[in-house]
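Just so you know, the UniProt record's numbering puts 80 at position 80 of the sequence shown, and the rest follows in order with no gaps.
Structure, as structure tokens:
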Amino acid sequence: MLFDLCNSPTTFKRLMEKILQPVPASACVVYLDDILVHKFTYAVVLTNLRTVFQLIAKANLHLNPAKCSLFRQHTSFLGHLVSERVSTDPAKVEVVEKWSAPTSTAHWRKGNDSRGRQLAKTLSQLRRLSSPLPS
């Protein structure tokens, strides 16, 4: 599948969800081009991996071994560190922590203008959705 096309990641995700439908969501997560197989015990992870590999092979798909990470106790997934618990990736937080504090009202408005417009747009859409239906 060509990932240069605009809908390729979404199409791939839909395909993987259909292929991996027999695997419970508590054991396998698909997000765009990432597949995360997880459990707390080694034996269960092996069983889940075997099932995922068999289903992928049955669909005539192939995995790129260079892009696979197996049996990791900690991994970064969607901006979070996943281990026995989920926490925010420090590298993502560091960017926000390095933002300089606004020194003037104009500086503050410049930094928050686009976010404020987006928030106002989202709130107006929510207000419209939550308003009573006309009779």
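No residue lacks a Cβ here, since even glycine has one placed at the ideal position from N, Cα and C.
In this text the structure is predicted, and so the values were computed from the model without any measurement.
In the displayed model, L70 falls within coil according to three-state DSSP, outside both helix and strand. For secondary structure counted as the beta strand (DSSP E) over 3 or more consecutive residues, the UniProt domain "Reverse transcriptase" (7-80) holds these complete runs in sequence order: 28-31, 34-37 and 75-77.
Under the three-state reduction of DSSP output, T88 falls in the strand class. By the Cβ neighbour-count rule, L20 is buried, with 16 or more other Cβ atoms within 10 Å of its own. According to the DSSP secondary-structure assignment, V82 is paired through a beta bridge with T75 and V86. Here D34 is near F77, since their CB atoms are less than 9 Å apart. In chain order, D89 and K92 place their CB closer than 6 Å to the CB of G79, counting only its own chain and leaving out the 5 sequence neighbours on each side.
Leaving aside the five residues that flank L32 on each side, the residues in its chain whose CB is nearer than 8 Å to its CB run, in chain order, P9, T10, F12 and K13.
By the neighbour-count criterion, in which a residue is buried when 16 or more other Cβ atoms sit within 10 angstroms of its Cβ, V95 is exposed. In terms of Cα proximity to P22, the closest of N7, Y42, A43 and N48 is N48.
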